[in-house]
Structures are given as C-alpha cells and as structure tokens.
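Heads up, the final residue of the sequence shown is numbered 285 in our numbering, and it's a clean run with no missing numbers.
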Amino acid sequence: MVNFNGIMVHKSKAMLNFDNRAFNYGDALFETIKIADSKIYFLEDHYFRLMASMRMLRMEIPLNFTMEFFESELMKTAVQNNLKNARVRLTVFRKDGGLYNPTSNQIDYLIVASPLLILVKEKYSVDIFNDYYLNSDILSTLKTTNKIANVLASIYASENGFDNCILVNERKMVVEAINGNIFTVNGNKIKTPPITEGCIKGITRKKIIEIVLKSDDYLLEETEISPFDLQKADEIFITNVIVGIQPVTQYKKAIFSTKVSSALALELSKLI
14 MVNFNGIMVH KSKAMLNFDN RAFNYGDALF ETIKIADSKI YFLEDHYFRL
64 MASMRMLRME IPLNFTMEFF ESELMKTAVQ NNLKNARVRL TVFRKDGGLY
114 NPTSNQIDYL IVASPLLILV KEKYSVDIFN DYYLNSDILS TLKTTNKIAN
164 VLASIYASEN GFDNCILVNE RKMVVEAING NIFTVNGNKI KTPPITEGCI
214 KGITRKKIIE IVLKSDDYLL EETEISPFDL QKADEIFITN VIVGIQPVTQ
264 YKKAIFSTKV SSALALELSK LI
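In structure tokens form, the structure reads like this:
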C-alpha cells in the first residue's frame, strides 16, 4: 500500500497522469526517512528541510502540512504495510499541468514504505566519477528528483566493481558520494565539503558536524577537498540517514582505517 495525498491505495492502482510534473520535468522533492522500532529518526530535521526546499521551489505548502501531520502520514504508511522498521520515501511534486511554466503551485504527495535493510560493509571501495559534473549552486543542495548524474555514477560503479562513486563539481572538487555526504579524516582533523560546493544538505551530515563541534578530540573543517586529498586521508566515510556512517576502506591504491568513523557511528547512535 502507498499513501497518495493521505489516501492509502494498492501499489498496482497508484497511477500517475501523463502530464505529471515529477515525471515530465523532475519538478519534485523527496525525503528518504528511516523508521526503526516504530520511531521516525530525526523527524524535525526532515520536516524543516522539506519546508525550506518547498519554499525555494515556490511550491505552496498546504495549511495542514504541520510536523504532526507529516509524522502521522509517515507512520500511517508504515503501519498499513505492517512495518515497524521501514525505509520511507516521501515525494512532493507540483500538481499536473503546464509545460515548463506550471498552471498551479499546489502540490501532491506520495509516500512509499519498504522494509528497512541496513548493511554496513567491512570492505568498501570507491572511485571518482568525472564523466559528468554536479553544479556548485544552491539547487544542487536540494533533494530534487533530478538525479541523472547519480544514476550514471551508479551504473559506472556497478560496471567497474566499486561500491560507490564520488561526484565532483565543475571545478573538479569533491562534492559527495552517490548516496550521501563525504568526510575525510587526517589525524584529529575531520573535513567535509561545504554546501557551496554543491552537496546535499544531508541530515546525517548535519548531525556528524554537531558531534564533532562538541568534541574535544577532533577539529572540523568545511573546506574544499580535491581527489588527490582523498588519497592522503587516514580515513574516508560516507553518511546518509539509512546507513548512518559507511566507512570507505579503499580508493585507488590507498587503504583506509575505520577507527574514527566507528567512534562517530557510536556517538551518532546516541542521538536517536
């Protein structure tokens, strides 16, 4: 069962119209949300990120779209699918109609819940994907449904035996991984690309930054990271809301430890 505008319908009957704007123009936003033991992780962060993104894309926010409503719709979808542990995707898209210029800024939403499967791999190799670049602009920081670079990078990773790829911007600086933000560790210094490089405003990225800033053991730098910098790192790890922290163990000939990323994963678990 999927949730379309608050109504639960069978997946086989959830049809999109031919002039659906998410399909035709990628005129949509999405949130991937983790529910474990019937609890939504980082609900407030997801809600406020979505609201800010909708305002930026000039989508009308319904009056009933409160955080409480948001929570109830997510949980309703999980419960209707008999899931206490779920990966939930909420997609918000402008109502049908128009060409590039929409006929309405009102929205529809679709919520899909699937079983939560978490696998943190012990060995995890990555490569740079530089066939195409991300733009270092504000739109790149939003979770829109325009993710063709991520799709092509995923195909490249699959064809070449990598677990993930690192995406770069037009200046060939590191932006993020296919499915999450990226951090490097050198000694006690932890680095991550700033939002101005074009990376997603990740929820787990935000939490890791908060943890590091409160710690006496590490120093945080939001700074440019080049592909060459990756080879000089002691550690590299990727963050997203489903897995939390995925350590990278190999990039080209460089082999990385996982000591700091494991310690941060423990601290992250305490925030739940």
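Backbone N, C-alpha and C fix where the C-beta goes; we use that ideal spot for every residue, glycine too.
Remember, predicted model here, so these are calculated numbers, not experimental data.
Cutoff 7 Å; reference Ile255; Cβ partners in own chain excluding five residues on either side: For the purposes of this step, residue 255 is taken as residue 242 along the sequence shown, with counting starting at 1. Closer than 7 Å at Cβ, skipping near neighbours: Thr45, Lys47, Arg100, Ile131.
In the DSSP assignment, what residue or residues form a beta bridge with Pro115? For the purposes of this step, residue 115 is identified with residue 102 of the sequence shown, where counting begins at 1. Beta-bridge pairing links Pro115 to Gly111.
On a Cα-Cα basis, can you pick out the residue from Asn16, Ile221, Glu189, Val22 that is closest to Tyr231? Position 218 of the sequence shown, counted from the first residue, corresponds to residue 231. Answer by Cα proximity: Ile221.
The beta strand (DSSP E) with Leu29 in it runs from where to where? One-based indexing of the sequence shown puts residue 29 at position 16. Careful: Leu29 lies outside any beta strand (DSSP E) and carries neither H nor E.
Using DSSP with H/G/I as helix, E/B as strand and the rest coil, what is Glu237? The residue you call residue 237 lines up with position 224 of the sequence shown. Coil.
Work out the CA separation of Asn77 and Val139 for me, nearest whole Å. Sequence index remark: in the sequence shown, residue 139 carries index 126 (1-based). Sequence index remark: in the sequence shown, residue 77 carries index 64 (1-based). Going by the C-alpha atoms only, they are around 43 Å apart.
Determine the extent of the alpha helix (DSSP H) in which Met186 is found, giving its start and end residues. The residue you call residue 186 lines up with position 173 of the sequence shown. Careful: Met186 lies outside any alpha helix (DSSP H) and carries neither H nor E.
Kindly give me the distance between the Cβ atoms of Thr252 and Gly193, rounded to whole angstroms, as I take these residues to be in contact under 8 Å. If you number the sequence shown from 1, residue 252 lands on position 239. If you number the sequence shown from 1, residue 193 lands on position 180. Contact holds; Cβ gap of about 5 Å.
What are the start and end residues of the alpha helix (DSSP H) that includes Glu81? Counted from its first residue, the sequence shown places residue 81 at position 68. Judged by DSSP secondary structure, Glu81 falls within the alpha helix (DSSP H) whose first and last residues are 80-93.
For a test of the three-state rule: what should DSSP assign to Arg100, helix, strand or coil? By 1-based counting over the sequence shown, the position of residue 100 is 87. If DSSP states are grouped into helix, strand and coil, Arg100 belongs with the strands.
Within 10 Å of its beta-carbon, does Asp176 have 16 or more other beta-carbons around it, so buried, or fewer, so exposed? The residue labelled residue 176 in the question sits at position 163 within the sequence shown. Buried, by the Cβ-count rule.
Just how far apart, CA to CA, sit Asn199 and Asn148? Working through the sequence shown from its first residue, we reach residue 199 at position 186. Working through the sequence shown from its first residue, we reach residue 148 at position 135. Their Cα atoms are separated by approximately 27 Å.
Run through the DSSP bridge pairs and tell me what Gln244 is partnered with. Along the sequence shown, read from residue 1 onward, the residue named residue 244 stands at position 231. In the DSSP output, where bridge partners are listed per residue, Gln244 has none listed.
Identify, in the order they occur along the chain, each residue of the same chain with its Cβ nearer than 6 Å to the Cβ of Ser167, setting aside the five sequence neighbours on each side. Walking along the sequence shown from the start, residue 167 turns up at place 154. Result list for Ser167: Ile191, in chain order.
For Glu223, which option in Thr209, Met186, Ala278 has the closest C-alpha, if you only look at C-alpha atoms? Counted from its first residue, the sequence shown places residue 223 at position 210. Comparing Cα-Cα distances from Glu223 to each of Thr209, Met186, Ala278, the minimum goes to Ala278.
Spatial distance of Asn163 from Asn95 (CA atoms): In the sequence shown, residue 163 corresponds to position 150, counting from 1. In the sequence shown, residue 95 corresponds to position 82, counting from 1. Their Cα atoms are separated by approximately 31 Å.
Which residues does DSSP pair with Asp40 in a beta bridge? Counting from 1 along the sequence shown, the entry for residue 40 is found at position 27. According to DSSP, which records beta bridges pairwise, Asp40 is partnered with nothing at all.
Give the straight-line distance between the Cα atoms of Asp32 and Lys136, rounded to the nearest whole angstrom. Reading the sequence shown from its first residue, position 19 is the one you call residue 32. Reading the sequence shown from its first residue, position 123 is the one you call residue 136. When rounded, the distance between both Cα atoms is 44 Å.
Put Tyr122 into one of helix, strand or coil per three-state DSSP. The residue given as residue 122 occupies position 109 in the sequence shown. Correct three-state label for Tyr122: strand.
8 Å contact criterion, which Val187 and Ser127 should meet: CB distance rounded: For this step, residue 187 is matched to residue 174 along the sequence shown. For this step, residue 127 is matched to residue 114 along the sequence shown. At roughly 30 Å, the Cβ-Cβ gap does not stay under 8 Å, so Val187 and Ser127 are not in contact.
Chain-order list of residues whose beta-carbon lies under 6 Å from that of Ser228 (same chain, five-residue window excluded): Within the sequence shown, numbered from 1, the residue matching residue 228 stands at position 215. Taken in chain order, the list of residues that qualify is empty.
Distance CB(Phe17)-CB(Leu152) smaller than 8 Å: Taking the first residue of the sequence shown as position 1, residue 17 is located at position 4. Taking the first residue of the sequence shown as position 1, residue 152 is located at position 139. Cβ distance not < 8 Å, so Phe17 and Leu152 don't count as in contact.
Whole angstroms are fine: how far does the CA of Leu112 sit from the CA of Ser274? Here residue 274 refers to the residue found at position 261 when the sequence shown is read from its first residue. Here residue 112 refers to the residue found at position 99 when the sequence shown is read from its first residue. Cα to Cα, Ser274 sits roughly 46 Å from Leu112.
For Ser270, which residues from the same chain have a beta carbon less than 7 Å from its beta carbon, with the 5 sequence-adjacent residues on both sides left out? Taking the first residue of the sequence shown as position 1, residue 270 is located at position 257. Hits under 7 Å: Asp247, Glu248.
Please name the residue, chosen from Pro206, Val105, Leu165, that lies closest to Leu63 on a Cα-to-Cα basis. Walking along the sequence shown from the start, residue 63 turns up at place 50. The shortest CA-to-CA distance from Leu63 to any of Pro206, Val105, Leu165 is the one to Val105.
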